[in-house]
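In my numbering, the protein residues as written are 48 to 673. For every residue, glycine included, the Cβ atom is placed at its ideal position computed from N, Cα and C. Quick notes on the structure that follows.
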């Protein structure tokens, strides 16, 4: 089975056993024994399924051989399968010399690319401030309404690692040279500075940082950081400026608890910056709270809160209170890709009403503060808070969203056609695993049903854009089949013609016969139409998820793709995937949606079923498992 080898190469070994990356040896042994009971070829009664069982058993056996060996597990955790392949630790009976040589060359190429990238680290900040108040609220018919660029601030730098481990008494664990530049122009007046610095990191977590700036603002500073204890550290910085003389700052931070951190800062000089501040930060899974009290040259209170609203969206709010002014900042941020984020916020304060647009990518931050009004105008403020979210929603739902979904759908269809053979083989492997796990899953479902516990009605895994539509189609087919059965029960029975198959092509492909039974989908070779059509980007993993249910709960570990779980597969390569589970628990109907690498526990992650048809479909699940 070709899919078996691809499973071994691409998927997580932890996923193969259904355990988390922090699983103990006992957890790994217990998971392996449970799977071996169902997948061992010698325990498979059906001779036609022994080859499938042998392939699947090879996967879990290889995973167990690595994860049960502390040395191999350490190599795998750090370097992945490439490291194991380089050491000839994994898969010698399923990989030949050419495969291992190819993997080793790819591993070396990735190492070299990573080494080159690590030699130079670029970062920068670019701020372009514009005045659009004349456009928002014109004060003269003659004056230009074109927004004016009032301030440009740019700073960019590069960090260059220096290897000094062979410098004898001058050696250190890590040395970094920093070179950069700064430009600040306001109303066509300004200048720039050249920045240079050297940072040294010692083995006892002590750091020494020397920096200098020459140009618009000349500055020389020396900073030293010390790790006082596992939970506390301190930093002392001395500065010198030609106009203001010597300055000194002491900063100490301490981890007060698992989620709470405190910071104390004391600036002794120069006089224009002298003062003290005390800050508290609390970090939770979805919430960040920060508060700081300042006394001295700057006196006031600064508070910020950030809450993660979804996997990619974060809402932010902040307030700054001073003796004679107040500033409020409300906005949000969204992750656009692995390297990029975008954000928008409205700042109301002494400068007026400012709209801030931010874009971050790979260490470079672009910010565009746009002045909407120099005064507090309630109409402009209301429009500033309402229009950007409204425009974002309309653009997302009516312009960008449909366009992106159309492009994604076309890419998905093209990818499905190009890799149809591989996907069908993966679906066949998942179906074979489901049939082997079926008896155990059925017993667990019946036991859970008798205890009014966790019973899986439907579990679908695949392209995020298609999972909900496939679930709705399954529910609709099941409802139609139930209606037809009721009609047949109240009307004279019509015998089907000889040779006529009563299930539709869609039901065959999805693995659902009349009545909406949730049997694992198996490719139907007898229908040439199904062979020509691209395979479905959604896989039925109901049996595999029910198999994971134990003692009234099902645990999904985070950190690896769910495609590697036994009974799962990747039906949509290269696309974002989601797991949708419909289940009943304690007589109630629930649904849960998990991202591909997201962890979660059922039934805790469940939400109430959306409508009556979905609830009826879920409520009938215990009967389908009998």
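Counting C-beta pairs closer than 8 angstroms gives fewer than three between the segment 184-194 and the segment 204-224, which falls short of the contact rule.
The three-state reading of DSSP puts residue 277 in coil, since its state is none of H, G, I, E or B. Setting aside the 5 residues that flank it on each side, residue 253 is surrounded in the same chain by 271, 272, 273 and 274, each with a C-beta closer than 8 angstroms to its C-beta; the list follows chain order. Within a 10 Å sphere around the beta-carbon of residue 111 sit 16 or more other beta-carbons, which makes this residue buried.
Residue 436 carries a helical assignment under DSSP once its states are collapsed to helix, strand and coil. Distance from the CA of residue 422 to the CA of residue 237, rounded to the nearest whole angstrom, comes to 26 angstroms. Excluding sequence positions up to five before and after residue 620, its CB lies within less than 8 angstroms of the CB of 462, 466, 469 and 470, all in the same chain and listed in chain order.
If you look at residue 178, you'll find it in the beta strand (DSSP E) that goes 168-178.
Bounds of the beta strand (DSSP E) holding residue 254 are 254-262.
DSSP lists 267 and 293 as the beta-bridge partner residues of residue 287. Around the Cβ of residue 157, a 10 Å sphere holds fewer than 16 other Cβ atoms; the residue is exposed.
Scanning its chain for C-beta atoms nearer than 8 angstroms, with the 5 sequence neighbours on each side dropped, one finds around residue 515 the residues 627, in chain order.
Contact annotation, residue 589 with residue 505: C-beta distance approximately 6 angstroms; criterion of less than 8 angstroms satisfied.
By the C-beta density criterion, residue 604 is buried, having at least 16 other C-beta atoms within 10 angstroms. In this structure, 324 is the residue among 367, 384 and 324 with its C-alpha nearest to the C-alpha of residue 313. In the same chain as residue 662, and ignoring 5 residues on each side of it, the C-beta atoms closer than 6 angstroms to its own belong to 636 and 656, in chain order. Excluding residues up to 5 positions away in sequence, 352, 353, 354 and 355 lie with their Cβ nearer than 8 angstroms to the Cβ of residue 334 in the same chain. DSSP places residue 399 in the strand class (E or B) of the three-state scheme. Here residue 96 carries a helix assignment [DSSP, helix/strand/coil]. By the neighbour-count definition (other C-beta atoms within 10 Å, threshold 16), residue 442 is an exposed residue. Here the alpha carbon of residue 489 sits roughly 39 angstroms from the alpha carbon of residue 453. In its chain, beyond the 5 residues on either side, 171, 172, 173, 405 and 406 have a beta carbon closer than 8 angstroms to the beta carbon of residue 412.
Under DSSP, residue 203 shares a beta bridge with 171 and 228. If you ignore the 5 residues before and after residue 289, its C-beta comes within less than 8 angstroms of the C-beta of 265, all in its own chain and listed in chain order.
Cα atoms of residue 608 and residue 486: separation of roughly 26 angstroms, rounded to the nearest angstrom. Between the alpha carbons of residue 227 and residue 472 lies a gap of roughly 54 angstroms.
Non-local C-beta neighbours of residue 345 in its own chain, meaning closer than 7 angstroms and more than five positions away in sequence, comprise 322, ordered along the chain.
With a cutoff of 9 angstroms on beta-carbon distance, residue 267 and residue 259 are scored as near each other.
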